[in-house]
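Protein chains: 2
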Amino acid sequence: MHIEVREVGPRDGLQVEAPISIEDRATLIDGLAAAGLTDIEAVSFVSPAAVPAMADPDRVMAAIHRHPGVRYWGLVPNVRGAELAVAAGMDALTITVSACPVYNQKNIRRRVEESMAAIADILDVAGLRPVDLILSCVFGSPYTGDEPSQTTPELISQARQMGVGRFTLADTTGMATPTRVRSMLETVGTDVGLHLHDTRGTALVNAWEAISCGVRRFDAALGGLGGSPFAEGAGGNLATEDLIHILDDADIHTGVDLGALLALGGSLREMVGHELSSAVAQVGPR
Amino acid sequence: MHIEVREVGPRDGLQVEAPISIEDRATLIDGLAAAGLTDIEAVSFVSPAAVPAMADPDRVMAAIHRHPGVRYWGLVPNVRGAELAVAAGMDALTITVSACPVYNQKNIRRRVEESMAAIADILDVAGLRPVDLILSCVFGSPYTGDEPSQTTPELISQARQMGVGRFTLADTTGMATPTRVRSMLETVGTDVGLHLHDTRGTALVNAWEAISCGVRRFDAALGGLGGSPFAEGAGGNLATEDLIHILDDADIHTGVDLGALLALGGSLREMVGHELSSAVAQVGPR
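Heads up: the sequence lines are chains S and Z, in that order. Counted the way this note's numbering counts, the first sequence spans residues 1 to 286. Counted the way this note's numbering counts, the second sequence spans residues 287 to 572.
Pasting the structure below:
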């Protein structure tokens, strides 16, 4: 079995940290590629005023050493972002729309309908590049409770009709449980990625449950970095090390070298200036 | 489905903390019973010189308000401990033998064979009381690697022949993974309890995997307290709150009131003087 791990640390991890240098961001991305990650969400084309740590995505992309066989993903909030992403040489684009209208307004300052309507133009700009629609707050929201789980299937259906070919379900504030993961996958199918946060200690168990349901794509962030600047207590991402640790032990192939990842985690700790939340980063693998 | 949760915080949690008062220990035990825990490992009859935080088990048991329907478990290291436990009014006894000879020597200062030989006499003293043999380091040991997983089935077989009717597999230093949990259960059967530590962030995923294999008994400690004084980096126990949180969401019955548990966690934080590692204790349930 092969699991595709998309590393989102350079984007979803670093966005809540104090800004680090372009060189460090490029070093992190290059290190991830060298460790065997084939999909890396490297940068974001959001407003640097809103998210200072994500400023200068074009300079980051110019500073990296492009690794053959790696897809470099860029998060784009709108059509203008998509144009910048294409100009910066991104291989693939992520779009975020929230299944929770309140969160969508806080995160992207748009109504869900406006975000959905913008997708068609983004797809035009993307051309043949893969575009992944990340639906946030799918398993619940601090603002609207369980409602987003009800609206998610319809959003997927709408986006599919617009031509979106790839979807990721995000548990933005750690409200998923194995039960809810299974239930959602029974509704929307398993040809989706999962983007899990560890707010309530459930990221790994939710990932494992999803794998047993048939999901084969996961977002994860080195060190368990992350959170959301627009949702309190969002908690870090599923830690890449912690995921690879149990996948390796299950003989599930990812192509990622855990040793290289752990060494890179040491550098990341220096870059961000604090301990990483990943358990395996702290104590080492079994 | 019903899952039996044995709360081990007053024993395996507090044993690595600075000693707290008899009153606080009794308050914790009474609070756990009030929250619906029907099995509580309340005290340990080990040497107070070796584990100062576990001193005066008889005084703790005299201070609690016995809750009808609760089994109060006491850990006994030897026959003398079993006699003291019976005198203190324990309902049920736990014995610990390590599947790792090095850990057994450090933990109980005996060879595994000596520990096993002592079981017969402990069973005599226990009479009709349930006796649970907790095998530690079953999923690996920092001293002997994966060897304990090989010897565990034979130890269970020996103990069963001696009359032990109940077994718990302990992941003392957090070396279990879902794969190893499933593999071990395929070998020894699912009529065992699991005692999991969260050293590598795997306690919850291992518990969930065990449930899907058919296991119905778990040890857990309020707040994720714990570790081992005799194995470096042992990490805290599976947090009772974190377990109940996902079991409640799965409509799996435990009889435990999560709200009461979280309120008690607030008191426990005061007692031990530091934050609890449980994610749900820190951010609240979904």
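All residues carry an ideal CB built from backbone N, CA and C; glycine is no exception. Quick caveat: nothing in here was measured; it's all calculated off a predicted structure.
Of all alpha-carbon atoms in S:R182, S:G223 and S:L93, the one lying nearest the alpha-carbon of W208 (chain S) is that of S:R182.
DSSP, read as helix, strand or coil, puts L370 (chain Z) in helix. Less than 8 Å separates the beta-carbon of V542 (chain Z) from that of A321 (chain Z). The alpha-carbon of W73 (chain S) is positioned some 11 Å away from that of A82 (chain S).
For the stretch 548 to 567 of chain Z, the set of positions with a beta-carbon nearer than 8 Å to some beta-carbon of chain S reads S564, A565 and V566 in chain order.
Contacts between I532 (chain Z) and chain S, judged by CB atoms closer than 8 Å, involve T177, P178, T179, T202 and V205 in chain order. Chain S places a beta carbon closer than 8 Å to that of T485 (chain Z), counting this residue as a contact.
Note on geometry: alpha-carbon atoms of D132 (chain S) and A120 (chain S) lie some 13 Å from one another. For the C-beta of G426 (chain Z), the chain S residues within less than 7 Å are, from N- to C-terminus, R286. Residue contact check for W73 (chain S) against chain Z: no CB pair falls below 8 Å. Spanning the alpha carbons of H195 (chain S) and T168 (chain S) requires a straight line of approximately 7 Å. Taking the C-beta atoms as reference points, G509 (chain Z) is found nearer than 8 Å to A525 (chain Z). Between D505 (chain Z) and chain S, the shortest Cβ-Cβ separation is not below 8 Å.
For the stretch 114 to 145 of chain S, the beta-carbon criterion of a distance under 7 Å to any beta-carbon of chain Z is satisfied by G140. As computed with DSSP, V417 (chain Z) is found in a beta bridge with Z:L379. Close to V569 (chain Z), with beta-carbon spacing below 8 Å, are these residues of chain S in chain order: G174, T199, R200, G233 and G235.
For I315 (chain Z), the enclosing alpha helix (DSSP H) begins and ends at I308 to A320. Pairwise C-beta distances place the stretch 85 to 104 of chain S in contact with the stretch 146 to 160 of chain S, as three or more of them are shorter than 8 Å.
Within the DSSP secondary-structure output, I40 (chain S) pairs in a beta bridge with S:E7 and S:Y72. Taking 8 Å as the threshold, the shortest C-beta distance from D535 (chain Z) to chain S falls below it. In the structure shown, N206 (chain S) adopts helical secondary structure according to DSSP, grouped into three states. Per DSSP, T179 (chain S) has no beta-bridge partner at all. Under the Cβ distance rule, D543 (chain Z) does not count among the residues neighbouring chain S, no pair being separated by less than 8 Å. For E495 (chain Z), the neighbours in chain S by C-beta distance under 8 Å run, in chain order, W208. H253 (chain S) and L247 (chain S) have their C-alpha atoms some 7 Å from each other.
Annotated three-state conformation of L482 (chain Z) is strand, per DSSP. N364 (chain Z) and P19 (chain S) have their alpha carbons spaced roughly 58 Å apart. By the 16-neighbour rule on beta-carbons within 10 angstroms, T187 (chain S) is exposed. DSSP, reduced to helix, strand and coil, places H288 (chain Z) within a strand of the structure shown.
Taking 8 Å as the cut-off, the Cβ atoms of D535 (chain Z) and R180 (chain S) count as close. Its Cα nearest to that of M61 (chain S), the residue S:F45 stands out among S:R216, S:F45 and S:P178. For a Cβ distance threshold of 7 Å, nothing in chain Z lies close to D58 (chain S): the least Cβ distance comes to about 36 Å. For a Cβ distance threshold of 8 Å, nothing in chain S lies close to D298 (chain Z): the least Cβ distance comes to about 19 Å.
G487 (chain Z) places its beta carbon less than 8 Å from that of A279 (chain S). H197 (chain S) is a Cβ neighbour of G236 (chain S), given a cutoff of 8 Å.
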